[in-house]
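Undergrad: Got a structure here, written out as C-alpha cells. Questions coming.
Residue numbers (this note's numbering), protein chains in the order written: chain A, 1 to 324; chain Z, 325 to 607.
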C-alpha cells in the first residue's frame with residue numbers, strides 16, 4: 001500500500017541550456033491538498049510530468065506514495081490518478097466507452113468497469129441519458145474536464161494530480177471543480193497535488209502552497225502563514241508617479257513593519273494598519289504628498305508572490321524594488 | 325458509504341470495491357488487444373469517409389482499366405485468350421489492401437494528436453496492445469474492402485480458374501500485404517505523430533502499385549520501369565495472385581510471392597516496433 005505522500009528532492013529538468021525546473025524540493029503529506037502556484041512558464045507542468053512518470057528528471061529524485069518515479073513507474077501509475085492541462089480524450093468515443101476501457105485496462109472485468117463508469121458519471125454529473133449518448137467531441141470544455149477527472153479516478157487512486165484543472169472554465173464550472181476537489185479530499189482522504197495559475201484557487205483549496213517562479217520554489221507553507229508573514233494588513237497608497245511613492249516611503253517607513261513599492265503604489269504593512277491611517281494621511285499632507293487612492297487590504301498570495309519574487313504575479317514583467 | 329483511508333471511493337454495491345494495491349491483477353494481453361481492436365473498429369465506422377475513398381479507387385481500377393484496355397488486351401502477346409479482368413483484379417484487390425492499411429496508421433496518429441495515446445500510456449496496458457488494436461482492426465477492414473472488390477468482379481463476369489480456393493488465396497495475400505504495409509504507416513505515425521506525414525506515407529501505395537506489372541506482364545516491360553518492377557516486392561505478390569486466379573497453382577511463383585510479402589512484413593514490423601520505442605521512450 002502506498003503511504004500517500006509525494007516527496008521531491010532537488011528535482012531538476014533541463015532542456016539543453018534551458019532549466020525549466022531548478023532544484024525543486026517539497027514534501028506533500030498524506031491526505032493533504034498541496035497547491036503548486038506560479039505564472040505560466042514557471043515550471044509547474046514540467047514538475048507534474050516528472051511526478052506522474054511521463055518524463056525523466058535530469059537530476060534529483062521523487063517518490064509518489066513511497067515509490068520512485070523513475071524506477072518504479074508502473075507502480076506509481078497504478079496508485080496515482082492524473083488529469084493534465086491538455087485533456088486527452090478521443091472525440092469520436094462516448095463517455096461510457098472511455099471509462100469502461102480505462103477500468104478494464106486497470107484490471108477490472110467488463111461488468112466491474114461498466115459499473116464503475118456509471119458511478120463516476122453520476123459523481124461528475126455527466127449521467128444524463130442524452131449526454132451519455134453523445135460523442136465526447138461534442139462536449140463543452142467544462143464537460144470534458146469533468147470527464148477527464150472521472151477518467152483519472154477510475155482506478156481508485158490514493159493520490160491525484162490535477163494540472164491547472166480550472167484554466168479556461170467559466171466561474172460556475174470552476175466552483176463545481178473546487179467542490180469536487182474538496183469532497184475527494186475530505187470524504188476519501190485523497191492526497192491532491194494541484195497546480196494552478198489562479199491565486200484564489202490556491203488560497204481556497206490548498207492546505208499548503210508552494211510558489212514556483214522561473215523553475216525555483218520561492219516560498220512554501222500554509223497560505224495563512226505565508227500571508228501573516230507579510231506583517232498584517234496593508235495600507236495601499238497610490239501616487240501619481242514612483243517618485244512620489246518613494247518620497248512617501250521615506251516619510252512613513254519608520255511607522256510600519258515593512259514597506260514595499262509596486263510601480264506607483266506604496267504598500268505599508270503592519271498589524272492593525274487601519275488604526276494608523278489618520279496619522280499617515282496627516283504626515284503625507286504635511287509633506288505635500290496627496291495620494292490619488294488609499295485602500296486597506298488583507299494580504300493576498302499576490303502580495304506574498306510580490307515579496308518573494310519582487311514581481312507581481314499578474315501581467316507585467318517589470319521588476320519592482322524588493323521590500324525594505 | 326465507507327470512508328476508510330485504505331479504500332477510497334468504495335462503491336455502495338456489493339462485491340465491487342477492491343483495494344488499489346500495487347499487486348492488482350493485470351488485464352490479460354489477449355483481452356487488452358481485443359478491447360483495443362473493438363474500440364478501433366467502432367470508431368472507424370464513425371468516420372465512414374475514411375474507408376470509402378480507398379474502396380472507390382480500387383473498384384474504379386476494375387471498371388476503368390477493364391473498360392479501357394479489356395478489348396485491347398487481345399493484341400498483347402501472352403494475354404490473348406485470358407480475361408483482362410482476371411489480369412487486373414489482383415491489382416485492384418492489392419491496391420485496396422494497401423490503401424486500407426492506412427487505417428492502422430490513421431488510428432494511431434489520431435490517438436497521438438488528440439492526446440488519448442498519452443492517457444493509454446499511463447495505464448498498465450501493454451504498449452504493443454495499443455498498436456495491435458489498430459492493426460488488427462485495420463486488417464479486418466481491409467479484408468472487408470477486398471471482398472467487396474472481388475464481389476464487384478464477380479458481378480462483371482469474372483470466374484477464377486482455381487475456384488473459391490483461389491479467391492481465398494487472393495484475399496489471404498491481400499491481408500498479408502496490407503498488414504505488412506500497415507507496419508510502415510504505423511511506424512511513420514508513431515515517429516512523426518503527424519496526420520499529414522502519415523497520410524503521405526499511406527499514399528506511397530500509389531506509385532508502388534504503378535512501378536510494377538500494372539497493365540502488362542513484367543516480360544513486356546523494359547528499361548528503368550522493368551528494373552523498378554523487379555525490385556518491387558509487390559510485383560511478386562501480383563505475379564502469385566494472378567497465376568492463382570488465372571492459370572493454376574504454380575508452386576514456385578506462389579512461394580516467391582509468399583517470401584516477398586514475408587520479407588516486407590518482417591522489415592516493416594521492425595520499423596513499427598522501432599517507432600513504438602521512439603514514441604514511448606521517456607525523456
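For every residue, glycine included, the Cβ atom is placed at its ideal position computed from N, Cα and C.
If you drop the 5 nearest sequence neighbours on each side, which residues of the same chain put their C-beta closer than 8 Å to that of residue 499 of chain Z?
TA: As a working mapping, residue 499 of chain Z is identified with position 175 in the second chain. So the list reads 421, 463, 466, 467, 470, once near-sequence residues are dropped.
Undergrad: Can you tell me which residues form a DSSP beta bridge with residue 260 of chain A?
TA: Here residue 260 of chain A is taken as the residue at index 260 of the first chain, counted from 1. Bridge partners of residue 260 of chain A: A/267.
Undergrad: Counting only C-beta atoms, is residue 438 of chain Z closer than 9 Å to chain A at any point?
TA: Locating residue 438 of chain Z in the second chain gives position 114, where the first residue counts as 1. Yes, residue 438 of chain Z counts as interfacial toward chain A.
Undergrad: Quick check on DSSP: helix, strand or coil for residue 238 of chain A?
TA: Reading the first chain from its first residue, position 238 is the one you call residue 238 of chain A. Residue 238 of chain A falls in the strand class under three-state DSSP.
Undergrad: Can you list, in chain order, the residues of the stretch 426 to 453 of chain Z whose Cβ is nearer than 9 Å to any Cβ on chain A?
TA: 434, 435, 438, 439, 440, 441, 442, 443, 444, 445, 446, 447, 448, 449, 453
Undergrad: DSSP three-state call for residue 490 of chain Z: helix, strand or coil?
TA: Here residue 490 of chain Z refers to the residue found at position 166 when the second chain is read from its first residue. Here residue 490 of chain Z sits in helix by DSSP.
Undergrad: Please state if the CB of residue 137 of chain A and the CB of residue 170 of chain A are separated by a distance shorter than 9 Å.
TA: Within the first chain, residue 170 of chain A is the residue found at index 170, counting from 1. Within the first chain, residue 137 of chain A is the residue found at index 137, counting from 1. Not in contact: residue 170 of chain A and residue 137 of chain A (Cβ atoms no closer than 9 Å).
Undergrad: Cα separation between residue 307 of chain A and residue 47 of chain A?
TA: The residue given as residue 307 of chain A occupies position 307 in the first chain. The residue given as residue 47 of chain A occupies position 47 in the first chain. When rounded, the distance between both Cα atoms is 23 Å.
Undergrad: How about residue 84 of chain A: is its C-beta nearer than 9 Å to some C-beta of chain Z?
TA: Your numbering for residue 84 of chain A matches position 84 in the first chain. Cβ-Cβ to chain Z under 9 Å: yes for residue 84 of chain A.
Undergrad: Name the chain A residues that come within less than 7 Å of residue 359 of chain Z, Cβ to Cβ?
TA: Taking the first residue of the second chain as 1, we reach residue 359 of chain Z at position 35. Near residue 359 of chain Z (Cβ distances below 7 Å), the residues of chain A are 101, 104.
Undergrad: From this set, Z/425, Z/552, Z/549, Z/368, which residue's C-alpha is nearest residue 435 of chain Z's C-alpha?
TA: Within the second chain, numbered from 1, the residue matching residue 435 of chain Z stands at position 111. Answer by Cα proximity: Z/368.
Undergrad: Starting from residue 589 of chain Z and walking both ways along the alpha helix (DSSP H), at which residues does that stretch end?
TA: The residue given as residue 589 of chain Z occupies position 265 in the second chain. Per DSSP, residue 589 of chain Z belongs to the alpha helix (DSSP H) from 575 to 604.
Undergrad: Hey, would you say the C-beta of residue 414 of chain Z is under 8 Å away from at least one heavy atom of the ligand ZN?
TA: Although the ligand ZN was asked about, the structure shown includes no ligands whatsoever.
Undergrad: Taking only three categories from DSSP, how would you classify residue 250 of chain A?
TA: Here residue 250 of chain A corresponds to residue number 250 of the first chain, with the count starting at 1. Helix, per DSSP.
Undergrad: Quick check on residue 277 of chain A: buried or exposed, where buried means 16 or more other Cβ atoms within 10 Å of its Cβ?
TA: Along the first chain, one-based indexing puts residue 277 of chain A at 277. Exposed, since its Cβ has fewer than 16 Cβ neighbours within 10 Å.
Undergrad: Looking at C-alpha atoms only, which residue of Z/378, Z/595, Z/366 is the closest neighbour of residue 515 of chain Z?
TA: Start at 1 with the first residue of the second chain, and residue 515 of chain Z comes out as number 191. Residue 515 of chain Z has its Cα closest to that of Z/595, out of Z/378, Z/595, Z/366.
Undergrad: Report yes or no: is there a C-beta of chain Z within less than 9 Å of the C-beta of residue 265 of chain A?
TA: By 1-based counting over the first chain, the position of residue 265 of chain A is 265. No, residue 265 of chain A lies away from the interface with chain Z (no Cβ there is under 9 Å from its Cβ).
Undergrad: Between the stretch 71 to 82 of chain A and chain Z, which residues of the former have CB atoms less than 7 Å from a CB of the latter, in chain order?
TA: 74, 75, 77, 78, 79, 82
Undergrad: Measuring straight from C-alpha to C-alpha, what distance separates residue 208 of chain A and residue 509 of chain Z?
TA: By one-based count along the first chain, residue 208 of chain A stands at place 208. By one-based count along the second chain, residue 509 of chain Z stands at place 185. Roughly 48 Å separates the two Cα atoms.
Undergrad: Compute the Euclidean distance between the alpha carbons of residue 531 of chain Z and residue 21 of chain A, then round it to the nearest angstrom.
TA: For the purposes of this step, residue 531 of chain Z is identified with residue 207 of the second chain, where counting begins at 1. For the purposes of this step, residue 21 of chain A is identified with residue 21 of the first chain, where counting begins at 1. Looking at the two C-alpha atoms, the distance is approximately 48 Å.
Undergrad: Less than 6 Å between C-beta atoms, sequence neighbours within five positions excluded: which residues of the same chain meet that for residue 100 of chain A?
TA: On the first chain, residue 100 of chain A is found 100 positions in, with the first residue counted as 1. Annotation for residue 100 of chain A: 113, 114, 117 place their beta carbon closer than 6 Å to its own, counting only its chain and skipping 5 residues before and after.
Undergrad: Could you pull out every unbroken beta strand (DSSP E) segment of at least 3 residues lying fully inside the stretch 43 to 79 of chain A, listed in chain order?
TA: 59 to 64
Undergrad: Going by Cα to Cα distance, which pick from Z/354, Z/585, Z/366, Z/374 is closest to residue 275 of chain Z?
TA: Past the boundaries of the shown model lies residue 275 of chain Z; chain Z is included only from 325 to 607, so the question cannot be answered.
Undergrad: Would residue 561 of chain Z count as contacting chain A if we go by Cβ distances under 9 Å?
TA: To locate residue 561 of chain Z, count along the second chain from 1; it is residue 237. It does not; no Cβ of chain A falls within 9 Å.
Undergrad: Check for me: the beta strand (DSSP E) holding residue 332 of chain A runs from which residue to which?
TA: There is simply no residue 332 of chain A to check, as chain A begins at 1 and stops at 324 in what is shown.
Undergrad: Can you grab the Cα-Cα spacing for the pair residue 291 of chain A / residue 226 of chain A, in whole Å?
TA: Sequence index remark: in the first chain, residue 291 of chain A carries index 291 (1-based). Sequence index remark: in the first chain, residue 226 of chain A carries index 226 (1-based). Rounded to whole angstroms, residue 291 of chain A to residue 226 of chain A spans 28 Å at the Cα level.
Undergrad: Using a 10 Å radius around the Cβ and a threshold of 16 neighbouring Cβ atoms, would you call residue 581 of chain Z buried or exposed?
TA: Counting from one through the second chain, the residue named residue 581 of chain Z turns up at place 257. Answer is buried; the Cβ neighbour count reaches 16.
Undergrad: In the DSSP assignment, the beta strand (DSSP E) including residue 562 of chain Z goes from what residue to what residue?
TA: Start at 1 with the first residue of the second chain, and residue 562 of chain Z comes out as number 238. Element bounds for residue 562 of chain Z: not the beta strand (DSSP E) but the alpha helix (DSSP H), 557 to 570.
Undergrad: So if DSSP puts residue 14 of chain A in a beta bridge, which residue, or which two residues, is it bridged to?
TA: Translated into positions along the first chain, residue 14 of chain A becomes position 14. Answer is A/19.
Undergrad: Would you say residue 59 of chain A lies against chain Z (beta-carbon separation less than 9 Å)?
TA: For the purposes of this step, residue 59 of chain A is taken as the residue at position 59 of the first chain. At least 9 Å separates the CB of residue 59 of chain A from every CB of chain Z.
Undergrad: Look at the alpha carbon of residue 432 of chain Z and the alpha carbon of residue 224 of chain A, and state the distance between them as a whole number of angstroms.
TA: The residue given as residue 432 of chain Z occupies position 108 in the second chain. The residue given as residue 224 of chain A occupies position 224 in the first chain. Residue 432 of chain Z and residue 224 of chain A: Cα-Cα distance of roughly 48 Å.
Undergrad: Could you check what DSSP says for residue 272 of chain A in three-state terms: helix, strand or coil?
TA: On the first chain, position 272 is the one that residue 272 of chain A refers to. Residue 272 of chain A: coil per DSSP, three-state reduction.
Undergrad: For residue 124 of chain A, which residues of its own chain have a beta-carbon under 8 Å away from its beta-carbon, when the five flanking residues on both sides are left out?
TA: Your numbering for residue 124 of chain A matches position 124 in the first chain. Once the five neighbours on either side are set aside, the close Cβ partners of residue 124 of chain A are 146, 147, 149, 150, 180.
Undergrad: What does the Cβ neighbour count give for residue 376 of chain Z, buried or exposed, with the cut at 16 atoms within 10 Å?
TA: The residue you call residue 376 of chain Z lines up with position 52 of the second chain. Exposed, since its Cβ has fewer than 16 Cβ neighbours within 10 Å.
Undergrad: So residue 192 of chain A contacts chain Z; which residues on that side make the cut at Cβ distance below 8 Å?
TA: The residue you call residue 192 of chain A lines up with position 192 of the first chain. Neighbours of residue 192 of chain A in chain Z, taken as residues at a C-beta separation under 8 Å, are lacking, since the least C-beta distance is about 11 Å.
Undergrad: With burial defined as no fewer than 16 other Cβ atoms inside 10 Å of the residue's Cβ, what is the status of residue 273 of chain A: buried or exposed?
TA: In the first chain, the residue the question calls residue 273 of chain A occupies position 273. By the neighbour-count rule (16 or more Cβ atoms within 10 Å), residue 273 of chain A is buried.
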